[in-house]
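One structure is given below, encoded as structure tokens.
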Amino acid sequence: MADVTPGTSRSSEPVTKGNLPLSCVNCYLSYKDFSLHYSGHYEHLIQFSQDHNLLRKQAFCPHCGKECRLDLQKKAFRCNRSYAPRQKQKRRRNYYLSLFKGTWFSGSLMDVETVLFFTYIYVSDFFNYRVVRTELGLSDVAINDWSSYCREVTVHWCIRQKQQIGGPGTTVEIDEAKFGKRKYNVGRVIEGQWVFGGVCRQTRQFFVVPVDNRSSATLLAVIKDYIVPGTTIVSDCWRAYDCLKDEGCVHLTVNHSMNFVDPVTGAHTNTIERKWRELCETTPRYGRRRYNFVGYLAVTYFKIHFDDPKTRLHAFVKAAAEFTPPSPPC
Ligand SMILES: [Zn+2]
Ligand SMILES: [Zn+2]
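To convert, note that position 22 of the sequence shown is 202 in my numbering; the numbers rise steadily by one, no gaps.
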């Protein structure tokens with residue numbers, strides 16, 4: 181376990197009022213490390229949250245303008261300095277700002293420890309309701325609420341992640357798949373969500389986008405957004421790609437020069453098929469409401485992206501802090 185002490189790798193950026201950099205640049209924690217270091221250590225939990233911008237690191241007193249002290253017992257920033265308003269006699273006024281007000285933790289009935297432990301478990305490979313009920317003593321309603329909140333964070337992360345993959349000399353495999361309800365009767369209309377994705381064979385970068393349909397226009401838009409011009413694109417033989425080939429190239433030659441490789445000629449789509457299999461296996465199939473689908477997909481994508489579970493908590497709380505940064509005190 182080298183250089184893994186949480187919160188110890190600090191950026192050298194200066195700390196400025198109102199714009200605090202993320203203190204922890206990377207932490208690498210097994211569940212055991214996390215439990216040993218944080219379970220029952222309130223000040224460590226607060227420090228962890230501050231290092232990842234989930235909680236504010238400092239607050240300034242609106243009366244005297246000076247920095248407040250953090251009162252861990254009261255869970256608040258406080259100031260009770262004397263000050264002299266407009267040259268009059270010195271007065272003492274108390275200022276109190278809850279540590280959690282306007283942060284990721286506000287609105288939760290769970291304490292910091294439970295929230296962070298829940299989060300660790302949620303992004304781990306061993307998350308399920310039974311584990312959380314047993315380990316953290318949470319009700320199914322609470323688990324459901326926080327799961328849905330965590331899904332939102334990963335959706336947000338996915339959207340921010342949006343990056344083009346591929347490039348000249350590389351090959352991107354693309355495919356579309358339908359997730360959701362199982363096909364009970366052949367010939368019936370299947371309900372579910374279409375997703376479109378691609379994997380770069382050389383760099384292993386990958387994207388997944390939920391789409392409304394599989395029309396050429398939709399797929400073309402995704403390709404333009406997510407795949408670098410000049411990339412060799414490999415796909416299956418679905419007819420939409422033929423359309424892209426016929427119609428698309430006319431439009432694509434301006435911005436995109438693509439080669440659609442016929443799979444028969446030896447091009448294979450093993451990489452993407454493996455990704456789809458991973459997604460299918462890890463995306464819950466039952467009891468899932470349709471509007472949650474993108475969330476589940478995002479969680480799966482997040483976990484695949486951060487393949488090593490020890491890196492996930494850091495990545496997740498960083499995304500959570502970007503999604504819900506502590507709001508400025510009013
Ligand atoms: Zn970290
Ligand atoms: Zn003050």
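Backbone N, C-alpha and C fix where the C-beta goes; we use that ideal spot for every residue, glycine too.
- Under DSSP, residue 390 shares a beta bridge with 375.
- Close to ligand 1, as judged by a C-beta nearer than 5 Å to any of its heavy atoms, are the residues 204, 207, 494, in chain order.
- Taking the Cα of residue 306 as reference, the smallest distance to any Cα among 495, 483, 385 is reached at 483.
- Apart from the 5 residues on each side of it in sequence, residue 286 sits with its Cβ closer than 6 Å to the Cβ of 280 in its chain, given in chain order.
- When secondary structure is reduced to three states using DSSP, residue 503 falls in the helix class.
- Listed in chain order, the beta strand (DSSP E) elements of length 3 or more contained wholly in the stretch 318–344 amount to none.
- Residue 246 has its Cβ nearer than 8 Å to a heavy atom of ligand 2.
- In the three-state reduction of the DSSP assignment, residue 262 falls in the strand class.
- For residue 249, the enclosing beta strand (DSSP E) stretches over residues 249–251.
- Not one heavy atom of ligand 2 lies closer than 8 Å to the C-beta of residue 276.
- Following the DSSP letters along the chain, one finds residue 414 inside the beta strand (DSSP E) bounded by residues 412–414.
- When C-alpha distances from residue 243 are compared across 292, 375, 262, 333, the shortest belongs to 262.
- For ligand 2, no non-hydrogen atom lies closer than 8 Å to the CB of residue 308.
- Contact check for residue 232 against residue 478 fails: the beta carbons are separated by 9 Å or more.
- Collapsing the DSSP output to three states places residue 278 in a strand.
- Straight across, the Cα-Cα distance linking residue 256 with residue 235 is about 11 Å.
- A check of alpha carbon separations from residue 379 across 213, 415, 321, 270 identifies 415 as the nearest.
- In this structure, DSSP gives residue 285 a state outside helix and strand, which the three-state scheme calls coil.
- Selection 217, 278, 413 evaluated against residue 240 yields 278 as nearest (Cα-Cα).
- The beta carbon of residue 275 sits closer than 7 Å to the beta carbons of 241, 242, 243, 248, 258, 259 from its chain, once the five residues preceding and following it are set aside; these are given in chain order.
- Burial check for residue 499: the Cβ neighbour count within 10 Å reaches 16 or more, so the residue is buried.
- When the beta-carbon positions are compared, residue 296 and residue 386 stay at least 9 Å from each other.
- If you draw a 10 Å sphere on the C-beta of residue 488, you find fewer than 16 other C-beta atoms in it, and that means exposed.
- Counting the other Cβ atoms within 10 Å of the Cβ of residue 356 gives 16 or more, which makes it buried.
- Considering only 284, 323, 340, 207, the residue with the shortest C-alpha distance to residue 506 is 284.
- In the structure shown, the three-state DSSP call for residue 239 is coil.
- Taking every protein chain shown into account, the CB of residue 494 has 16 or more other CB atoms within 10 angstroms, so this residue is buried.
- Residue 389 counts as buried, since at least 16 other C-beta atoms from the protein chains shown sit within 10 angstroms of its C-beta.
- For residue 299, the three-state secondary structure derived from DSSP is helix.
- A distance of 9 Å or more separates the beta carbons of residue 301 and residue 289.
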